[in-house]
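Residue numbers (our numbering): 12 to 1272.
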């Protein structure tokens, strides 16, 4: 027994223990890991592992793993594996993490595998046992046996990073893939799958798609999957598919799926894309006919079809699949179809219906309505039926019907009926198209009852016709096109229309040799005809004749007569062309031509002998006018002459040239005479100009020459070369009078002086251009004409610029004659780049404002100096401006100055793309603060504002002296500026002596012109609008004197302007006022002016009464003015009420007609005369203007027996002349008054008494 135990211990247990220890060593030690890998590499020579660490059960890390075989190359940067040992005890395999990174797989092309196998001596057509493998065996369907996992498997995290898969026709790669896995029995569950950065690259398509002549119907055998697979929450992100230059990106795709042995279910697939949101679900049974069902819903976004929804479903089986699709949104359509995918001839039925389709969506140019499209048949024969209504911008509406068949095995299409219903008629066609053996077609077309006037009202009539077309296009023989019948007849614009004839057109395979033949092709409309007949073959004999006595009969927009002919005769390579064309009284839109004549003959067989004469007279296009053009060309290749004379508005040209053409490649000649007379002066060629033109090289060479204009010279200093690969020229201008540029300046502006300039240009293909420019002017002046001229003289102007090595450097120096100097320099680099760096500096020193003094009178004072120091940096597209612009010591005094300024200092500070303005203006009454800023960082949304506030300042304007305290804010932005704030008027003296006579408003059909005297459109005029919202508050000392009215004004107005519609709202009261009327000084008892609209249309409510102290019977009498200012209602009233005659007596005399004191006839007479004179002011003013006397008026003066009628007017601004004659005592009085200062007058009176007086005018409250 002991011996038996010893034998068992040594024979069985010891080996078991040894085997167990060996297994533990292999699984738990690093040396065991390495030993197992060593044995694996010996068993599989293709497998290599560079580095290994850890143990199989303790966690293993493998690095630089590779496997190479004839079919496959695999490399792996790192593999990490961790196992849970306790799961092994439970007979489960648990892997917390299996991570692979840097995976590269290359699957070679079968041809490469065969080549390598042949090199190794293997036969790829033999299987592992050496038996031949047949294709039928390889593709024979097999039923998949059930599959079950022997032990449960759980992988918490399977991670594969940076994978690259190279296949013969495609490449696949991803950045990150992770998933969780559970497997037990015949079930596999995949959880939380994440695939990021998937990129699939396909081989570029050859583009040679073969026609579908046969359909390989699939032979599907029902089968069942070996296990059930459940996929929960799989997410695919940042994926892309690329083929050639086409790239498709997919930001996000999520789905869940269930694969059971007999069914495949796709649950809630969601696709997210910037242009698409889609959902899909589907069921697929692995049974006979493979029944399936699927539903999808998609929404387009961020495209031209944004908001378009697509919905569809599939049902049935692969043997009979039913599809339904619907689109709703911008486009609405429905598609139904049936497909038998398991049938060899692929029977199908498709039906498309849509009520309306349009494109583009917003403002459609094309529309289809009532669309019905049906396609029935199979791959052998398809029947197409189409019906719809067509609508296109600029074309008449039409109805379309098409019935056609396609015979696939014959590669032939037959059009049984093509009908187009339009213009109250029909166009019908039938024919066929064959693709074999070469593309050929036959078509017969007929139209009947076509009425162009149904869409084009100017072309009333009815047309009918026939057309037959046959053609063939063969890659070997070329094109053959025949129109044996081309006929159209009818009536158009009450004239017969006829198109008749036939033609053939042929060409060779490369379209280099064309042949044309037409016995007679005629198009006639009334007496207007175009006829073409002849042939173009080896010998050309083609003629065309045009006779149009009145073009307006055929085309209303074209007026005039045309007559001409062209003939082409002779061999194909050297034909002779004769052309004659005459035109009279041509007019088309803005173009006019009184007469034109063209006669030309060219013979290519006789050294290109050519004779050409062109004459044009009285032509006009828009604002450009041509009086006459005469051009003649005569000669051949060896010698020819060109003469041209042109006379146009502001331009005259006289040209003569001669030359020769060598081998039809090199032209050499001379410009013997050239005279240019224009608004910029008369220039004449000093000596003949030699010219060479290399036609193959497209190069023009000009010899040295000069142009002269009096003492000025413009010279080409060296021979110039101009071509597509080279430009080289050197120009010099000297003693050029700047007066020639006055026509280019705005009206009332002029310039004089002399100018010199130099320009040197050098450029070659592939090199940076070089340019040097210089401009100098020793002296000159710029003049602006106002009431008096203002001049800005200079004594030195110099501008230089140099461009080389993709850099442009420039410098400007301007020295003004009196004071001030402007200097500027700039440097732009990297001109060949999109971003061009910029550096510049500008300096202005001590520019005094003395040159503006002529705008004021001789007793005025104007002083101040403008200076700046600015710099520019950044780029040419985005410059940054820095520095200051200053106005120092501004001082303004004088009669013509709106206000007196004792001292003003303004500073504008620039900080890149911003600027700030600060200023202080001191006046005798106080100071005004200016503050503002501008921001142009976004040029499309720039903004600026300016604030004005301070003490009251005195404004001197004609007939008024105002004290205004501003508090205003001006905001400006693209297309709009807005002025808001308040204006306090604490004190004012307004004396209105005259109103503008004959003031005429702007006509509704007025036309504004720009400085080039071109009309300004309303859109251009409204490009910048001004909006205002200003409150004007009147103070306690605002007084008005106007035509007998003396009153204090009180109230508040709101001045607004919106969209070029100014308005005033508010109320102004007349306080403590008097009004002279009817020869009396009336007291204003009530006075209100109510504004609610335009400023010149207030509503009046004024009552003026006679002084009650001068009235009898305690009666109050006066006048009442009510209503709008342009149509006021004036009435005489009394309190208590009296008849109008009695009320007038109280108003004029202060007593009743029946008063005991009697009737004062003189007072009534004076009042009536005053009333008559007041109504004749407009006529008297016009008479005065006609004789050069301004403000001429009639008035009454005095009272009682001393009343007189006066006429007065101004001979000059300060000299007034007045003459008066007594109403009751015919004694004349002549008065001459001259204004010495603002309120000081010298007056001389001659009448019954003579006197000379010195008057000083002042006012007080």
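Using N, Cα and C, we set each Cβ at its ideal position, and we do this for glycine too.
By the C-beta criterion, the stretch 86–98 is judged to be in contact with the stretch 64–78, since at least 3 inter-stretch pairs fall below 8 angstroms.
Per DSSP, residue 97 lies in no beta strand (DSSP E); the unbroken alpha helix (DSSP H) holding it starts and ends at 96–100.
The beta carbons of residue 454 and residue 442 sit about 4 angstroms from each other, so the pair counts as a contact at 8 angstroms. Residue pairing by DSSP places residue 658 opposite 639 and 663 in a beta bridge.
Here residue 697 is exposed: its Cβ has fewer than 16 other Cβ atoms, across all protein chains shown, within 10 Å. In the displayed model, residue 570 falls within a strand according to three-state DSSP.
If you look at residue 1160, you'll find it in the alpha helix (DSSP H) that goes 1151–1160. Less than 8 angstroms divides the Cβ of residue 1216 from the Cβ of residue 1205. Contact between residue 877 and residue 905 does not hold, since the beta-carbon distance rounds to 20 angstroms and is not under 8 angstroms.
Residue ranges of uninterrupted alpha helix (DSSP H) with 4 or more members are absent from the stretch 853–912; none lies entirely inside it.
Annotated as distal: residue 610 and residue 629, with beta-carbon spacing of 8 angstroms or more.
Closest in alpha carbon position to residue 290, among 301, 302, 343 and 310, is 310. Bounds of the beta strand (DSSP E) holding residue 1072 are 1072–1088. Around residue 795, the same chain offers 759, 760 and 801 as residues with beta carbons nearer than 7 angstroms, after the five sequence neighbours per side are excluded. Taking the C-beta atoms as reference points, residue 261 is found nearer than 8 angstroms to residue 251. The beta-bridge partner set that DSSP reports for residue 599 consists of 569 and 602. Looking only at 715, 782 and 804, the smallest Cα-Cα distance to residue 792 is reached by 804. Of the candidates 1134, 360, 1054 and 1067, the residue whose Cα lies closest to the Cα of residue 1208 is 1054.
Cα atoms of residue 80 and residue 174: separation of roughly 19 angstroms, rounded to the nearest angstrom.
Listed in chain order, the non-local C-beta contacts of residue 732 below 6 angstroms within the same chain comprise 712 and 739, local neighbours out to five positions each way being set aside. Spatial neighbours of residue 241 in its own chain (CB-CB distance under 6 angstroms, excluding positions within 5 residues in sequence) are listed in chain order as 200 and 269. With respect to residue 1000, residue 971 sits close: the two C-beta atoms are nearer than 8 angstroms. In this structure, residue 1080 lies near residue 1099, with their beta-carbon atoms less than 8 angstroms apart. In the DSSP assignment, the residues bridged to residue 195 are 198. 8 angstroms or more divides the Cβ of residue 934 from the Cβ of residue 898. A Cβ-Cβ contact shorter than 8 angstroms links residue 1042 with residue 1065.
Closest option to residue 212, judged by alpha-carbon separation, among 244, 254 and 234: 254.
For residue 87 and residue 78, the gap between their C-alpha atoms comes out near 9 angstroms.
Around the beta carbon of residue 283, fewer than 16 other beta carbons lie within 10 angstroms, which makes this residue exposed. Around the Cβ of residue 539, a 10 Å sphere holds 16 or more other Cβ atoms; the residue is buried.
Within the DSSP bridge table, the entry for residue 1128 names 1145 as partners. Taking residue 831 as the centre and dropping the five residues before and after it, the same chain places the C-beta of 857 and 858 closer than 6 angstroms to its C-beta, in chain order.
Look at residue 295 here: in three-state DSSP terms it is strand. Between the beta-carbon of residue 836 and that of residue 852 there is about 6 angstroms, and that keeps the pair under the 8 angstroms contact cut. Around the beta carbon of residue 373, a 10 Å sphere encloses fewer than 16 other beta carbons of the protein chains shown; the residue is thus reported as exposed. The alpha carbon of residue 363 has as its nearest neighbour, out of 353, 357 and 343, the alpha carbon of 343.
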